[in-house]
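Written below as structure tokens is the structure these notes are about.
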Amino acid sequence: MTQHFNHFIEGTTFEASDGRRIALVDPVTEQTYGSTARGTAEDVDRAVSAARQQLEHGAWRQLDGAQRGRLLSKLADLVERDTELLADLDANAIGRSPVEPRRLDIPNAIANLRAAAGWANQLEGRTIPTGGYFGTKTLSYTVREPVGVVGAIVPWNSPLMITVWKLAALLAAGCTVVVKPSEETPQSALHLAALAQQAGFPDGVINVVTGYGDEVGRALCEHPHVAKISFTGSPEAGREIQRTAGVLFKRVALELGGKSPQIVFDDASFDDALFGCSLGLFANQGQICAAGSRILVQRGIAERFAAALADAARAVKVGDPRQPGVQMGPVAKKAQFDRVNRYIQLGIEQGASLLAGGVSNAGQGWFVQPTIFANARNDMAIARDEIFGPVGTVITFDSEEEAIALANDSTYGLAATVWTADLVRAHRVAAAVKAGAVGVNCWSPLDANLPWGGVKSSGIGREGGFSGAQAYTEEKVITVLLPG
Ligand code: NAD
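Position one of the sequence shown corresponds to residue 1 (UniProt numbering), numbered consecutively onward.
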């Protein structure tokens, strides 16, 4: 069935101002199944104007936190009602099994909307004691104001969940938004915007402009009335956005990539660590920012653990994700297929031991084999770079100090996992590892109440939790002179 998508601006759908379109391609069949509007700077301007109108003069501006929270709760209910549809939209667009978004991404999005419904009424200021003003007493207090119109730029790997991470928080804070979904996955963001309209959000609060990063994304970063850019995607695009938006003094939040270590000590539950490492490598074809793709294993169990991971890789059922029982579909696009294969080839050339998988041949659909390398070194490309595919790199360590040094020897710092039965060591290692989030005996525990984000090249800022909502506010201080 052919599907065509357009922008959603001020509650209405629009084609691109110059009528151009982008083809949407099914990663399983490599056939074009539809298209989306190829947005222009003019389209972005139209959407930003609608968002600005609501922020400064519209019904949205009049709503208090409790009222915004009620709208967010209604939206959560509608997303819950449409769970299957939204999971299918995201899964089909990237060739993923719909089971994963049904169980993980969509429930997480609903939880984020419900959590943000509560935050909306809790963005409080403070009263701050001061020394007065030239001998006269003063009262100083702060208020949290919405930062303004937000440009939300989203990747393709988990389209709805990542869109909601941004929307839930910024709507709680009273901002308005122009969403730019990935050019490959506009579907669920557009459906979300339509659901928001049904929930009662005033038209113009949530706008979606589809198109390319260097056209729509760039126009958002350059637009004088966009106050903040909230970006999730690759470090390369993040750097470019920081350059463009930063010089205009826009607020910039960057959720970038990772090369997250999973540290497996020899006292860990072997089976739990194996399950967690497999999940961290193979869920969503490894196309997860927090993928635990560097597996650091203590020498005593390293060989057995790597062999068991290789067995797990061989056991993954790869195929058309719409067929029952299939656990892994293709990677999302041709560029990913080439990238993953290039890294597998590099791993072989640089001398790591290939235990499972390997370079995949081009056929119909961008299928890659789950791949495990062992006896790798941390300076190899497969240990340093984010591959964004189902490829695990096993590196052996002897001591806790060495494990920490290896874990931190990375330009990234998004997530880390520690597998051990020694909880004192777990806390010690968790404190020493440079990452935005550390799981102890659990890989990547996401929760709507927890902040998420990275250090070093993994990004700037936090999404989720109360700090996520606060990040869409400016703290204003007001001082009143109290003579007499
Ligand atoms: P990408 O950087 O290519 O694209 C992300 C989005 O940015 C897309 O909408 C794209 O059109 C847009 N874009 C690209 N160049 C731009 C530019 N110059 N200006 C403005 N917008 C631009 O990333 P991707 O391939 O879609 O996603 C994969 C990357 O996302 C990986 O590196 C992954 O680790 C990262 N990611 C991070 C998180 C996190 O929470 N830290 C979550 C998911 C994905």
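Backbone N, C-alpha and C fix where the C-beta goes; we use that ideal spot for every residue, glycine too.
Where residue i falls: helix, strand or coil (DSSP)
i    : result
M380 : coil
K166 : helix
R103 : helix
W60  : helix
S188 : helix
I301 : helix
A421 : coil
H223 : coil
W452 : strand
P159 : helix
S73  : helix
K137 : coil
I241 : helix
L414 : coil
V429 : helix
N284 : helix
R96  : coil
F275 : helix
Chain-order list of residues whose beta-carbon lies under 8 Å from that of residue i (same chain, five-residue window excluded)
i    : result
I22  : S35, T36, A37, R38, E183, T210, G211, Y212
Q298 : V264, F265, D266, T396, F397, D398, A403
D320 : V28, V326, G329, G365
Beta-carbon gap between residue i and residue j smaller than 7 Å
i    : j    : result
S260 : L450 : no
P202 : G58  : yes
P27  : A332 : yes
N378 : L406 : yes
L160 : S188 : yes
Q262 : I295 : yes
I382 : F373 : yes
I153 : G217 : yes
D105 : P98  : no
G11  : Q197 : yes
D90  : P101 : yes
A117 : A469 : no
V359 : N341 : yes
I229 : G151 : yes
Exposure label - residue i; buried when at least 16 CB within 10 Å
i    : result
V477 : exposed
S158 : buried
R239 : exposed
A356 : buried
Y343 : buried
K317 : exposed
A302 : buried
G131 : exposed
K137 : exposed
A421 : exposed
F134 : exposed
Q62  : exposed
E475 : exposed
F249 : exposed
V252 : buried
L423 : exposed
Alpha carbon of residue i to alpha carbon of residue j, nearest angstrom
i    : j    : result
L346 : M380 : 8 Å
H427 : N441 : 11 Å
A335 : G453 : 26 Å
R462 : T142 : 22 Å
I395 : G65  : 50 Å
A431 : K456 : 16 Å
A47  : V178 : 6 Å
Q285 : P390 : 5 Å
L171 : L72  : 8 Å
T40  : E222 : 13 Å
E80  : V164 : 13 Å
N408 : A448 : 27 Å
T2   : A471 : 40 Å
L123 : P186 : 31 Å
F270 : A306 : 11 Å
R68  : A168 : 10 Å
Q31  : R322 : 16 Å
T254 : P324 : Correcting the residue identity first, residue 254 is Leu in this sequence and not Thr. Approximately 37 Å, taken between the alpha carbons.
Same chain, Cβ closer than 6 Å to residue i, five either side skipped, listed in chain order
i           : result
T176        : A51, Q54, L55, V149, V205
F466        : W119
G276        : W443
L85         : none
A310        : L355, A356, I372
residue 542 : Residue 542 is absent from the structure shown; the chain starts at 1 and stops at 484.
Beta-carbon contacts of residue i that lie in its chain and below 7 Å, excluding the five residues immediately before and after
i    : result
L190 : F5, F8, V208
P330 : P27, V28, G95, G365, W366, F367
A268 : W419, T420, A421
A308 : L274
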